[in-house]
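> Below is a structure I'd like to ask you about.
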Amino acid sequence: MELNVKDLSVSLGGTPIVNGISLQVREKKFVGLLGPNGCGKSTLLKSIYKVIKPDAGQAHLSDTDLLKSSPKAVARKMGVVGQFNDLSFDFTVREMVAMGRTPHKKLLDSDNAEDSRIVDEAVRKVGLEPYASRSYLTLSGGEKQRVILARSLAQQPQFLVLDEPTNHLDVKYQLQILNIVRSLDIGVLAALHDLSLAAKYCDYLYLIKKGRVVAHGVPKAVLTRERIAEVFEVDCEIYEI
Ligand code: ADP
Ligand code: MG
Ligand code: MG
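Going letter by letter, the sequence shown gives residues 1 to 241 in the UniProt record's numbering.
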């Protein structure tokens with residue numbers, strides 16, 4: 001699966017937020033989006049996973065026109081971990097993860113042996129087996145984040161969109177989550193904040209400022225002190241790559 005985004009523009013409340021972004025995630029590549037708070041990363045990702053309707057542009061996942069497909073059709077191919085994952089119903093961890101199967105179902109409650117196996121495997125993969133029967137609402141931020149990743153794994157996605165997937169996680173789970181994602185060997189588009197994690201895990205980076213791509217390339221080429229100063233308006237030592 002290849003993601004191709006072309007000249008995508010999004011306005012919110014009359015303000016242009018994403019200003020003609022084009023990007024590509026080639027087969028099985030892990031691509032990072034970096035940029036300051038409010039530069040439009042989440043807005044761009046939401047328009048790709050169809051929560052926000054762009055004003056103009058195109059987004060294709062291989063032959064699928066994402067902007068013209070139903071959310072359910074998109075969810076059969078693409079897993080999503082959004083930036084803010086809270087929910088007010090009192091579901092168990094396992095029930096949350098089982099929701100990842102819903103794009104494959106006609107009815108929400110039609111669980112079967114195959115679904116059970118996939119859900120249990122996803123729960124195990126993120127290290128949440130001991131919590132499988134606990135209420136989602138009782139979990140810590142990092143545990144919730146892993147539930148949401150497990151839910152998207154249960155979708156058996158062919159592509160993943162991640163919005164700050166290591167939020168709330170301690171360093172062990174930051175690395176665990178990114179290692180799991182990388183081991184899936186599928187294309188990934190991820191908004192990230194940690195420059196050193198981006199440098200370590202991403203095959204390719206896009207630096208975004210004010211809704212525009214200001215640089216793109218392999219991490220070594222993009223994460224220079226000058227670029228970081230330009231994009232984040234802060235002068236800091238280059239991160240170890
Ligand atoms: P990022 O993920 O890069 O931190 P976002 O895409 O979440 O940034 O937000 C980009 C900008 O869009 C922010 O300045 C935010 O305040 C603004 N924004 C988000 N929703 C709306 C809205 N409904 N109306 C106006 N501005 C909005
Ligand atoms: Mg890979
Ligand atoms: Mg964001």
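Ideal Cβ positions, reconstructed from N, Cα and C, are used throughout, including at glycine.
What residue from R26, L12, G32 and N4 has the CA that sits closest to P219's CA?
Closest option to P219, Cα to Cα, is G32.
> At the level of alpha carbons, what is the spacing between G38 and A113?
Each residue's alpha carbon lies about 43 Å from the other.
> Shorter than 7 Å, the distance from the beta carbon of A191 to the closest heavy atom of ligand 3, or not?
True, at least one ligand heavy atom lies under 7 Å from that Cβ.
> What's the gap between the Cα of V171 and the Cα of A98?
Each residue's Cα considered, the two are about 27 Å apart.
> Between K210, L66 and A190, which has its C-alpha nearest Y204's C-alpha?
It is A190 whose Cα lies nearest to the Cα of Y204.
> Let's see if you can read the secondary structure: which residues bound the beta strand (DSSP E) around K46?
Premise fails: K46 lies in the alpha helix (DSSP H), K41 to I48, not in any beta strand (DSSP E).
> Let me confirm a value: L63 is counted as buried when at least 16 other C-beta atoms fall within 10 Å, else exposed. Which label applies?
The identity of residue 63 in the sequence shown is Asp, whereas the question assumes Leu. Exposed, by the Cβ-count rule.
> With DSSP as the reference, identify every bridge partner of K6, one or two as the case may be.
In the DSSP output, where bridge partners are listed per residue, K6 has Q58.
> Would you kindly report the start and end of the unbroken alpha helix (DSSP H) that includes M96?
Unbroken alpha helix (DSSP H) run through M96: V93 to A98.
> Output needed for S152: all residues of its chain with C-beta closer than 7 Å, excluding positions within five of it in sequence on either side, in chain order.
Correct list, in chain order: G79, V80, V81, G100 and L160.
> Which runs of the beta strand (DSSP E) at least 3 residues long sit entirely within the region 131–205? Give them in chain order.
With a minimum length of 3 residues, the continuous beta strand (DSSP E) runs that stay inside the region 131–205 are 159–163 and 187–191.
> Should G35 go down as buried or exposed, given a rule of 16 or more other Cβ atoms within 10 Å for buried?
Classification for G35: buried.
> Out of curiosity, what's the CA-to-CA distance linking L149 and L175?
Near 14 Å, if we compare the C-alpha coordinates of L175 and L149.
> To the nearest angstrom, report how far apart D163 and K41 are at their CA atoms.
Their backbone Cα atoms lie some 8 Å apart in a straight line.
> In the DSSP assignment, find the unbroken alpha helix (DSSP H) run with F84 in it and report its ends.
It is not in any alpha helix (DSSP H) - F84 carries neither H nor E in the DSSP assignment.
> Whole-angstrom Cβ separation of T92 and R134, contact assumed at under 8 Å?
About 6 Å separates the two Cβ atoms, so the contact holds.
> The beta strand (DSSP E) that contains V213, what's its start and end?
Residues R212 to G217.
> Taking I208 as the reference, give the member of E2, T15, S11 and S22 with the closest Cα.
Cα-wise, what sits closest to I208 is S22.
> Cβ of S42 within 7 Å of any heavy atom in ligand 1?
At least one heavy atom of ligand 1 is nearer than 7 Å to the Cβ of S42, so yes.
> Following the continuous beta strand (DSSP E) through I21, name the residue where it begins and the one where it ends.
Its beta strand (DSSP E) spans residues T15 to V25.
> Go ahead and pull the three-state DSSP assignment for residue 243.
No information on residue 243 is available, as it lies outside the stretch 1 to 241 that the chain covers here.
> DSSP state of L66, grouped into three classes?
L66 falls in the helix class under three-state DSSP.
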